[in-house]
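Chemist: Let me give you the structure first, and then I'll get to my questions.
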Amino acid sequence: MKMKMFLKSSLFFLLLFTMNSRMLAQTINTPLKIIEEQFALWQQGKATIFDLLDDNVIWEVAGSSPVSGIYHGKNEFLKEAVQPINARFKSAIKPELISIHADGNWVYLNWKGSAITINNTMYRNTYCWKMKIIDGKIVEAVAFLDTYALNELMKQ
Numbered sequence: 000m001k002m003k004m005f006l007k008s009s010l011f012f013l014l015l016f017t018m019n020s021r022m023l024a025q026t027i028n029t030p031l032k033i034i035e036e037q038f039a040l041w042q043q044g045k046a047t048i049f050d051l052l053d054d055n056v057i058w059e060v061a062g063s064s065p066v067s068g069i070y071h072g073k074n075e076f077l078k079e080a081v082q083p084i085n086a087r088f089k090s091a092i093k094p095e096l097i098s099i100h101a102d103g104n105w106v107y108l109n110w111k112g113s114a115i116t117i118n119n120t121m122y123r124n125t126y127c128w129k130m131k132i133i134d135g136k137i138v139e140a141v142a143f144l145d146t147y148a149l150n151e152l153m154k155q
């Protein structure tokens, strides 16, 4: 009788633990989910990926362009790379998702962007961003893009 009661209570607790673990796993924001949700907000014009930057982010813009290089900190990156690029657009760049993948804390975001420039030309570029996400923030990233297109934009 005691053994039967023990087995029933063990089964009950195992079932309870399994259910709670599944519910917890569904509510945890994984790095992939964080970027997917933020990208969707960006597409809707409600936010940008840069809202997730950690204050001490290390962001590298690969290639050869006026804004290529390694930036130390959110303020430096926004001031010296993002703002000079955005200043050449009449309106915000429109992001379009190509693909997104994750490997642990690393998220790989492949996307296309387009915008009308201040000279009324169309800017188009394709990006692949490799981002490390810790505690919901981007702490490290490398941005790969067509720097020829970026160079042409920066001449405006």
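Residues in the sequence shown are numbered from 0 upward in steps of one, following numbering that gives the first Met the number 0.
Ideal placement from N, C-alpha and C gives every residue a C-beta, glycine not left out.
Given the structure is predicted, the values throughout are model-derived calculations rather than measurements.
Do the stretch 92-108 and the stretch 72-83 touch if we need at least three Cβ pairs shorter than 8 Å?
Modeler: With the cut-off at 8 Å, the stretch 92-108 and the stretch 72-83 do not touch.
Chemist: State the CB to CB distance for the pair GLU59 and ILE69, rounded to an integer number of angstroms; the pair is presumed to be in contact (CB under 8 Å).
Modeler: The pair is a contact, with the Cβ atoms about 5 Å apart (cut-off 8 Å).
Chemist: Residue range of the alpha helix (DSSP H) that THR146 falls in?
Modeler: Looking at the DSSP string, the run of the alpha helix (DSSP H) that includes THR146 is 146-153.
Chemist: Would you check if the distance between the CB atom of ASN124 and the CB atom of LEU149 is smaller than 8 Å?
Modeler: Against a cut-off of 8 Å, the Cβ pair of LEU149 and ASN124 comes out as a contact.
Chemist: Between the stretch 32-49 and the stretch 60-67, do at least 3 Cβ pairs fall closer than 8 Å?
Modeler: No: fewer than three Cβ pairs fall under 8 Å.
Chemist: Considering just the uninterrupted stretch of the alpha helix (DSSP H) at ASN74, what are its terminal residues?
Modeler: Taken as a continuous stretch (DSSP letters only), the alpha helix (DSSP H) holding ASN74 covers 73-76.
Chemist: CB-CB under 6 Å to TYR122, same chain, minus the five flanking residues each way: which ones, in chain order?
Modeler: Correct list, in chain order: ALA114, THR116 and LEU152.
Chemist: Report whether the distance from the Cβ of TYR126 to the nearest heavy atom of the ligand COA is below 7 Å.
Modeler: With respect to the ligand COA, the structure shown offers nothing to examine, as it has no ligands at all.
Chemist: What residue range is occupied by the uninterrupted beta strand (DSSP E) comprising PRO94?
Modeler: Unbroken beta strand (DSSP E) run through PRO94: 93-102.
Chemist: Would you identify the three-state DSSP class for ALA86, choosing helix, strand or coil?
Modeler: Three-state DSSP puts ALA86 in coil, outside helix and strand.
Chemist: How about VAL66 and VAL138: are their beta carbons less than 8 Å apart?
Modeler: Their beta carbons are not under 8 Å apart, which means VAL66 does not touch VAL138 by this criterion.
Chemist: Does the separation of the CB atoms of GLY72 and ASP50 fall below 8 Å?
Modeler: For GLY72 and ASP50, no; Cβs fall outside 8 Å.
Chemist: Could you check where the beta strand (DSSP E) with LYS111 kicks off and where it finishes?
Modeler: It spans 105-115 - the beta strand (DSSP E) in which LYS111 sits, taken as one unbroken run.
Chemist: Return the first residue and the last residue of the alpha helix (DSSP H) that LYS32 is part of.
Modeler: Here the alpha helix (DSSP H) through LYS32 covers 30-42.
Chemist: Around the C-beta of ASN90, are 16 or more other C-beta atoms found within 10 angstroms, so that it is buried, or is it exposed?
Modeler: Note that residue 90 corresponds to Ser in the displayed sequence, not to Asn. Under this definition SER90 is an exposed residue.
Chemist: In this structure, what does DSSP give as the bridge partners for GLY68?
Modeler: Per DSSP, VAL60.
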